[in-house]
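Okay, so here's the structure we're looking at.
Residue numbers (our numbering): 142 to 296.
This is the structure in C-alpha cells:
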C-alpha cells in the first residue's frame with residue numbers, strides 16, 4: 142500500500158511545465174503551492190513570489206476558459222494522462238438521493254507510457270517499479286456508500 146500522498150519523499154523544487162521528448166507536460170496541484178485554510182502549505186518550500194502567484198493565476202484562468210466538461214454517467218470510465226492534461230472535479234456533496242463514487246487509480250501501460258523528465262520520472266518509478274510497495278486496489282464492491290471526504294482522498 143502506498144503511504145499517504147506527499148509523505149513518500151520530502152518536498153522539492155522543480156518546474157511545473159516541461160518540454161520533453163517533443164511533448165509539453167504540466168504536472169502540479171495549485172492548492173498546496175499557495176496554501177489554503179484546509180490545505181497546509183509545506184513549510185520547507187520557499188515563499189512564492191508575486192510573479193509566481195500571478196503565473197499560477199494565469200494557468201488557472203487559461204484552464205478554466207478552455208476547459209472541456211465531461212457529462213459522466215453511472216458506469217462511465219475516464220482515463221487521464223496526468224502529464225498531458227490538467228483535470229479537476231466540481232464540488233459535490235452526497236445526499237440521501239444522490240451520491241458520487243469516483244475511483245482514483247494509477248495505471249501505466251509500459252508500451253504507451255511517455256518518456257518523462259528526471260524530476261517526474263522519479264515519482265513514477267517509486268509508484269510503478271518499487272517491489273516493496275504492495276498493490277492496493279481502491280475499489281469498494283458495495284454501491285452507494287457514503288464516505289467522508291478524507292476517506293476518498295487517502296489510500
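Just so it is clear, CB atoms sit at the ideal spot from N, CA and C, and this is done for glycine as well. Remember, it's a predicted structure, so these values are computed and weren't measured experimentally.
Cβ-Cβ separation between residue 177 and residue 189: approximately 13 Å, too far for a contact (criterion under 8 Å).
The continuous beta strand (DSSP E) containing residue 164 extends over residues 164-167. Between the alpha carbons of residue 232 and residue 241 lies a gap of roughly 11 Å. Per the C-alpha coordinates, the member of 236, 266, 210 and 234 positioned closest to residue 247 is 266. A buried status is given to residue 166, since no fewer than 16 other beta-carbon atoms sit within 10 Å of its beta-carbon.
A distance below 7 Å between beta-carbons, with the five flanking residues on each side excluded, links residue 223 to the following residues of its chain, in chain order: 168. Of the residues 230, 258, 210 and 184, the one whose Cα lies closest to the Cα of residue 245 is 230. Spatial neighbours of residue 161 in its own chain (CB-CB distance under 6 Å, excluding positions within 5 residues in sequence) are listed in chain order as 258. In the DSSP assignment, residue 261 falls within the alpha helix (DSSP H) that extends over 259-269. C-alpha of residue 191 to C-alpha of residue 197: approximately 10 Å in a straight line. With fewer than 16 other beta carbons inside 10 angstroms of its own, residue 218 counts as exposed. CA-to-CA, the gap between residue 170 and residue 273 works out to about 27 Å. From the listed residues 185, 180, 186 and 227, the smallest Cα separation to residue 205 is found for 227. Take the alpha-carbon of residue 201 and the one of residue 275: they are about 35 Å apart.
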